[in-house]
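Everything on this sheet refers to the single structure shown next.
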Amino acid sequence: MIAEIIAVGSEMLTPFRQDTNSLALTAELNKLGVSVAFKTILGDSMEQLTECARIALHRADIVIFSGGLGPTEDDLTREAVAAALGVGLTRNETVVDALKARFAKRGIAIQAINFKQGDVIDGAELLPNANGTAPGQWIATEYEGKPRYIVLLPGPPKELTALYADQVKQRLQRVVPQQHIAIGQLRMAVVPESEVDARTSPIYMQFTDVQTTILSTQGEIQLHFACAKPTLEEAQARVDEVLSLCEQEMMDFVFSADGESLEQVVLLMMGMRHLTLATAESCTGGLIAQRLTAIPGSSRSFLGGVVVYADALKTALVDVPKPLIQQHGAVSEEVARALAEGIRIRTGADLGIGVTGIAGPGGATLNKPVGRVYLALADANGTEVRELNLMGDRERVRWFTSQHALSLLRHKLL
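The sequence shown lines up with residues 688 to 1101 when you count with the numbering used here.
Shown next, in the form of structure tokens:
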């Protein structure tokens, strides 16, 4: 079975409000073995709501609406669903009486418009809302000769999640075929999305019963796998199989198959080897240190770091020779090397990272454009330096530099 979630509210079509209900509902539906095939966000328009309801009922077994159950004129979900089904609405006097009592208890005069929250779609079952005034509704019906299950839930997240858990989940469990969804993911650093897809698609496309999704975020590619089977063991076996094959293909690029972040993995690896790290950062402004120290327990492996923007501080705090900077420039392989070696010696760390570059938008020269970064990693056996030529704005250059630094460190620890 597949589901569609429809989030109702013009405010979610502005930059000021996001639909988070669909994320919570998707997680719950997946636990039942139901895949969410469609998500729709639309405003408070009777015509558009009705048409959207008809489309959803045509293509999805389960249709869940969130929002639009309030008392105002633009709360139209009940009316639109009734119109799509070709049925009427009947006012439930028990709901009306409860509203009157609720307002009286608070000493507030109730307006007649509030009573529309008691309008129930003909054939629907009322779902009491213990946390708000708008009850939900459950409809088991047929549409175009096919069984359909429709759920109307209030928009406030606390009301929606509680009502789903108390009223909806048990009803869906009775009608949804026994299915279990297993999921898995691979996370890879500093590798192009096109390369990941070119190398893994011949593998995952053979698993037609596993849904595979590629996500690209800053400096990271994720492969997500999901499979629905009658038993969780069957589903998990299929996910594990395709995940293992893709992991073997991508090998060293994969830093996690269990959801950990790159910084978590690096700290775990250092902890297992009883190694310590210190950083000397220029263009990243302490971003590498910030990412590491955001992980609880990082102090066991990360000793600390310095932000040395000014050339004078590179010399004063990390012992970068002044003539070296004058000869090669602050943004150079030689200075990056000196930063990594200097911070390692100064702090007594096993490993030292040094980074210097031009994050932009200013500071570039003909020979050193925006995005030119030098990254160094030093240990007792020597220093490795990489030249990066990154694209994008200042924020992107800084983040990708930190991603490359952590990735370089991870490869060193393999």
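Just so you know, even glycine gets a beta-carbon here, dropped at the ideal spot from N, CA and C.
{"Item": "What is the DSSP secondary structure of residue 761, reduced to helix, strand or coil?", "Value": "coil"}
{"Item": "In the stretch 966-1041, which residue ranges form an unbroken alpha helix (DSSP H) of at least 4 residues, counting only runs that do not cross its ends?", "Value": "974-980, 998-1005, 1009-1015 and 1020-1034"}
{"Item": "For residue 987, which residues in the same chain have their Cβ closer than 7 Å to its Cβ, ignoring the five residues on either side in sequence?", "Value": "958"}
{"Item": "Is the beta carbon of residue 969 closer than 7 Å to that of residue 996?", "Value": "yes"}
{"Item": "DSSP puts residue 1070 in a beta bridge; with which residues?", "Value": "1065"}
{"Item": "So what does DSSP say about residue 816, is it helix, strand or coil?", "Value": "coil"}
{"Item": "Identify which residue in 978, 938, 832 and 972 has its Cα closest to the Cα of residue 951.", "Value": "978"}
{"Item": "If you follow the beta strand (DSSP E) that residue 875 is in, where does it begin and where does it stop?", "Value": "867-876"}
{"Item": "Can you list, in chain order, the residues of its chain with a C-beta nearer than 7 Å to that of residue 943? Leave out the 5 residues immediately preceding and following it.", "Value": "874 and 952"}
{"Item": "Assuming residue 844 and residue 708 are in contact, meaning their beta carbons sit under 8 Å apart, how far apart are those beta carbons, in whole angstroms?", "Value": "6 Å"}
{"Item": "Looking at residue 1063: is its Cβ nearer than 7 Å to the Cβ of residue 1052?", "Value": "no"}
{"Item": "Measuring straight from C-alpha to C-alpha, what distance separates residue 1098 and residue 939?", "Value": "8 Å"}
{"Item": "Just list the residues that DSSP pairs residue 1059 with in beta bridges.", "Value": "1076"}
{"Item": "Please state whether the Cβ-Cβ distance between residue 711 and residue 740 is less than 7 Å.", "Value": "no"}
{"Item": "Give me the Cβ distance between residue 922 and residue 915, rounded to the nearest whole Å; I'm assuming they're in contact under 8 Å.", "Value": "6 Å"}
{"Item": "Beta carbon of residue 693, beta carbon of residue 727: below 7 Å?", "Value": "yes"}
{"Item": "Just to confirm, are residue 697 and residue 731 a CB contact at a threshold of 7 Å?", "Value": "yes"}
{"Item": "Return the chain-ordered ranges of every beta strand (DSSP E) run that is complete within the stretch 707-736 and spans a minimum of 3 residues.", "Value": "722-729"}
{"Item": "Which residue from 992, 991 and 1007 puts its Cα closest to that of residue 998?", "Value": "1007"}
{"Item": "What number of angstroms, rounded off, separates the C-alpha of residue 1102 from the C-alpha of residue 964?", "Value": "Residue 1102 lies beyond the range of the chain shown here (688 to 1101); nothing can be said about it."}
{"Item": "By DSSP's criteria, residue 909 is part of a beta bridge. Which residues make up the other side?", "Value": "874 and 902"}
{"Item": "If residue 960 sits next to residue 1095, beta carbons under 8 Å apart, how far is it from one beta carbon to the other, in whole angstroms?", "Value": "In fact, because the Cβ distance is near 16 Å, the residues do not count as touching under 8 Å."}
{"Item": "Does DSSP put residue 775 in a helix, in a strand, or in coil?", "Value": "coil"}
{"Item": "Which term fits residue 937, buried or exposed, when burial requires 16 or more other beta carbons within 10 angstroms of its beta carbon?", "Value": "buried"}
{"Item": "Of all the options 796, 798, 793 and 838, which has the alpha carbon lying nearest to the alpha carbon of residue 811?", "Value": "838"}
{"Item": "Thinking just about the alpha-carbon of each residue, which of 899, 783 and 705 is nearest to the one in residue 909?", "Value": "899"}
{"Item": "Which one of 802, 775, 777 and 932 has the shortest CA to CA distance from residue 788?", "Value": "802"}
{"Item": "How would you label residue 912, buried or exposed, when you count the other beta carbons within 10 angstroms and need 16 or more for buried?", "Value": "buried"}
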